[in-house]
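Undergrad: Below you'll find the structure I mean.
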Amino acid sequence: MSRILSRLGNSLYMVCAVASKDVLEAVRSKTTGINILMAIGMVLFFSWNSTTDHWEEATAVAVYDPGNSGLMAMLESSPVFDPLPVSSMQELEEAVGSVPLGLSIPADFDRTLDTATTGTEGLVQLIGYLEWSLRFEAGDLEIEYEQQLAELLGQPVDINIGENLVVPGPDSLGRIRPISHTLMISTLWVALTVVPLLMMEEKQTKTMDALLISPASIEQVILGKALAGLFYILVCVGLVLVLNWTWFTSWGLALVGFTSSALLAIGLGLLIGTLADQPQKVTLWAMPVLLIALLPTQLLQMEDVLSAGVINAMSWIPTVGLVKVLRFSLSSGAPLLQILSNLGLALICTALVYGAIVWKVRRSDR
Amino acid sequence: MTAIQVQNLTRNYNGLCAVNEISFSVERGEIFGFLGPNGAGKTTTIRMLTGQLRPSSGTAQVMGYDVVEDRQQLKPCIGVVFDNQNIYARLSARDNLRFFARLYRIPTARVEEVLAQVGLTKRAGDKVSNYSNGMTQRLVIARGLLHKPDVLFLDEPTRGLDPNVARDIRSLITSLARQGMTVFLTTHYMEEADQLSSRVAIINQGQIVALDTPEHLKMAHSRGESVTLEDVFVQLTGRYLGRGEDQQ
Chain H
1 MSRILSRLGN SLYMVCAVAS KDVLEAVRSK TTGINILMAI GMVLFFSWNS
51 TTDHWEEATA VAVYDPGNSG LMAMLESSPV FDPLPVSSMQ ELEEAVGSVP
101 LGLSIPADFD RTLDTATTGT EGLVQLIGYL EWSLRFEAGD LEIEYEQQLA
151 ELLGQPVDIN IGENLVVPGP DSLGRIRPIS HTLMISTLWV ALTVVPLLMM
201 EEKQTKTMDA LLISPASIEQ VILGKALAGL FYILVCVGLV LVLNWTWFTS
251 WGLALVGFTS SALLAIGLGL LIGTLADQPQ KVTLWAMPVL LIALLPTQLL
301 QMEDVLSAGV INAMSWIPTV GLVKVLRFSL SSGAPLLQIL SNLGLALICT
351 ALVYGAIVWK VRRSDR
Chain G
1 MTAIQVQNLT RNYNGLCAVN EISFSVERGE IFGFLGPNGA GKTTTIRMLT
51 GQLRPSSGTA QVMGYDVVED RQQLKPCIGV VFDNQNIYAR LSARDNLRFF
101 ARLYRIPTAR VEEVLAQVGL TKRAGDKVSN YSNGMTQRLV IARGLLHKPD
151 VLFLDEPTRG LDPNVARDIR SLITSLARQG MTVFLTTHYM EEADQLSSRV
201 AIINQGQIVA LDTPEHLKMA HSRGESVTLE DVFVQLTGRY LGRGEDQQ
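Protein chains in written order, with this note's numbering: chain H, 1 to 366; chain G, 1 to 248.
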């Protein structure tokens, strides 16, 4: 047992030594620095573009109005609100996630409004539903929406949100889709543009020979490079996690999904670096791989219009499964079996990719 | 005691025999010159002896370790100075050596020792990309010496260097051998081989065509005249330029 631990410790030491050298080199490399800065810029743009409604001035609001009240018409004519009518409470809860606010209008709303206007009875009351990511600002938003509705109705309004925080489902059309896709796109981008250079440059400058003569084994060198790649990705893609942290419902699942995506992407990057011997060839290899890995994840957004056969075929692409895992980490109700099968597929593919890298490097002594 | 033992070592590349059943041994503390024209099989032999390349057949042991079976145990025993200056150009000399010191688990103090040994202490913090050819070569040698190997493989260590640096490196090689290090040296400079090596092997088209001390080789090929090691080398391996055929 102690021998195994000692060997593991030794391997970890070697892996960290290789990784720290690669990170130190990256800090001093203009090319890598520019690539990482570009990736950070891309991450910030995607996050900004996909997770906030910059151009929408009106607040989208799902409205359940069983009494066909006059409020609906007022909301429709209001410049402040953009109402989305729904026909049941269940639909209302499903809609919140795609929109930030849901309102349930009591059936007797018009009568209550009349009595409130004439001063015979109290406040106009509505039940509000807020998407989960807004939980920390629920109090402020409640006041803000109350004021906006009060201006619209000419009466004080009480929106009762309380614990009505709605966690979106995995198939929600809301922001969980762009967040999970941004995570995957950014991870693949960094892995396929920066990581291949770790391997290619060692071959180009023949420093790989010096590494393989040293006590470090081929596997330790490759894992060290994977660790350095993980560091680059963490620097860039970690930003996506930080910028969207309020959306995550399961951080454990998010980290498992992110790490699995990163390891697969890094493996693909290292494989490209092993095959290519010039930066131009890296680009030549990286672009088709990026397309194959990303296109199905984009098609996933159009799941409703795709045939069952296409969806079934896509489920065998590991990046599709990993995007789904990332979605589950942002939503309610994560199906364990599907998560495990998606992660299992990704793990098998990752192992195959790393196996191919080791095989290719080993072949240099054949 | 034997430092390197080679028996019928062969290496084929796509049907072409780069090294053909060579056999020799090198004693500890010896400077062994391994000479041959371009493409004769020198670098292939070094790559096999250092575990970088698998022999097609035959066996080789370095410090008692089989170069195929005991590759991992062999690594700490050997130092290699490659024929190309394969060093991390973006890092400083000190960072380069510190990295390899970590891999070999050597105290950092040793880095300063070897930097001093090759005369790079003053410029140790500079990026290697700003180094001259000679300075880079000294750094590559420093890396090979870092872990105090038993056997040092030098693949054309003075190629392209100015006479001053080349002389410094030759003097370093001699002092290393005096300290008991075995040196396996390939070079195209016959005078250098003659001056440094206790024995030389001449390899041509993958086969060893001569193996002896430089003095004995010169005597054996003198034909009554005074000859240099270069004359012997040309006699054994020479090709007529323009004809593309071997001189027999």
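Idealized CB from N, CA, C, for every residue including glycine.
Can you give the Cα-Cα distance for V320/H and C349/H, rounded to whole angstroms?
TA: 13 Å
Undergrad: Keeping to the same chain, check which residues put their C-beta closer than 7 Å to that of A107/H; ignore five residues upstream and five downstream.
TA: P66 and G67
Undergrad: Using the beta-carbon of each residue, which ones in chain G are nearer than 7 Å to K21/H?
TA: F99
Undergrad: What alpha helix (DSSP H) runs, 4 residues minimum, are completely inside the segment 86 to 149 of chain G?
TA: Here the runs fully enclosed are 93 to 104, 108 to 117 and 133 to 145.
Undergrad: On a Cα-Cα basis, can you pick out the residue from P296/H, T205/H, M199/H and L5/H that is closest to V128/G?
TA: Ranking P296/H, T205/H, M199/H and L5/H by Cα distance to V128/G puts T205/H first.
Undergrad: Closer than 8 Å, CB to CB, is E369/H near chain G or not?
TA: Examination of residue 369/H is not possible in this model, given that chain H is present from 1 through 366 alone.
Undergrad: If we count Cβ pairs, one from each stretch, closer than 8 Å, do we get three or more for the segment 139 to 149 of chain H versus the segment 175 to 194 of chain H?
TA: Because the criterion of three Cβ pairs below 8 Å is not met, the segment 139 to 149 of chain H and the segment 175 to 194 of chain H do not touch.
Undergrad: Quick check: the segment 177 to 189 of chain G against the segment 33 to 48 of chain G, are there 3 or more CB pairs under 8 Å?
TA: yes
Undergrad: Roughly how many angstroms separate the alpha carbons of Q220/H and R11/G, rounded to a whole number?
TA: 28 Å
Undergrad: Taking only beta-carbon positions, decide if L212/H is within less than 8 Å of chain G.
TA: yes
Undergrad: Alpha carbon to alpha carbon, what distance is there between V99/H and L134/H?
TA: A direct Cα-to-Cα measurement between L134/H and V99/H gives close to 11 Å.
Undergrad: Mapping DSSP to helix, strand and coil, what is G33/G?
TA: strand
Undergrad: Could you tell me the alpha carbon to alpha carbon distance between V325/H and L255/H, rounded to whole angstroms?
TA: Their Cα atoms are separated by approximately 10 Å.
Undergrad: When the Cβ atoms of the segment 20 to 30 of chain H are set against those of the segment 216 to 232 of chain H, are three or more pairs found closer than 8 Å?
TA: yes
Undergrad: Is the Cβ of V183/G closer than 8 Å to any Cβ of chain H?
TA: no
Undergrad: At a CB-CB cut-off below 7 Å, which residues of chain H make contact with Y88/G?
TA: E25 and T207
Undergrad: How is S180/H classed by DSSP in three states: helix, strand or coil?
TA: helix
Undergrad: Beta strand (DSSP E) containing N204/G: first to last residue?
TA: R199 to N204
Undergrad: Under DSSP, the alpha helix (DSSP H) around N233/G begins and ends at which residues?
TA: The residue you asked about is not Asn; residue 233/G is Phe in the sequence shown. Run containing F233/G: L229 to T237, per the alpha helix (DSSP H) assignment.
Undergrad: Going by DSSP, what residues sit across from N12/G in a beta bridge?
TA: C17/G
Undergrad: Against chain H, does T44/G count as a neighbour if the rule is that its beta carbon must be under 8 Å from one of theirs?
TA: no
Undergrad: How about the segment 108 to 123 of chain G and the segment 63 to 83 of chain G: do they share at least three Cβ pairs that are nearer than 8 Å?
TA: no
Undergrad: Which same chain residues, not among the five before or five after G257/H, have their C-beta less than 7 Å away from its C-beta?
TA: L322, V325, L326 and S329
Undergrad: Answer yes or no: does any C-beta atom of chain G fall closer than 8 Å to that of Y354/H?
TA: no
Undergrad: Under a Cβ-count criterion, where at least 16 other Cβ atoms within 10 Å of its own Cβ denotes burial, should V27/H be classed as buried or exposed?
TA: So V27/H counts as exposed.
Undergrad: Listed from N- to C-terminal order along the chain, which residues in the segment 212 to 236 of chain H have their beta-carbon within a distance smaller than 8 Å of any beta-carbon of chain G?
TA: L212, I213, S214, P215, A216 and S217
Undergrad: Looking at chain H, which residues of the segment 65 to 95 of chain G have a Cβ within less than 8 Å of any of its Cβ atoms?
TA: Q72, K75, P76, I78, V80, F82, N84, N86, I87, Y88, A89, R90, L91 and D95
Undergrad: Quick check on the DSSP output: the beta strand (DSSP E) that includes D158/H runs from which residue to which?
TA: V157 to N160
Undergrad: Checking contacts by CB at 8 Å: is Q137/G closer than that to chain H?
TA: no
Undergrad: Using a Cβ cut-off of 8 Å (strictly closer), state whether T10/G contacts chain H.
TA: no
Undergrad: What residues of chain G sit near M14/H, judged by a beta carbon separation below 7 Å?
TA: L103
Undergrad: Identify the contact partners of Q52/G in chain H, using a Cβ-Cβ distance below 9 Å as the criterion.
TA: D209, L212, I213, S364 and D365
Undergrad: Compare the C-alpha of Y64/H against each of L103/H, G333/H and A286/H and name the closest.
TA: L103/H
Undergrad: Given E30/G, which residues of its chain have a CB within under 8 Å of its CB, disregarding the five upstream and five downstream residues?
TA: A3, A177, T182, V183, S198 and R199
Undergrad: In terms of residue numbering, what span does the alpha helix (DSSP H) encompassing T44/G cover?
TA: K42 to L49
Undergrad: Residues in the same chain with beta-carbon distance under 6 Å from I317/H, minus the five sequence neighbours each way, listed in chain order, please.
TA: P296
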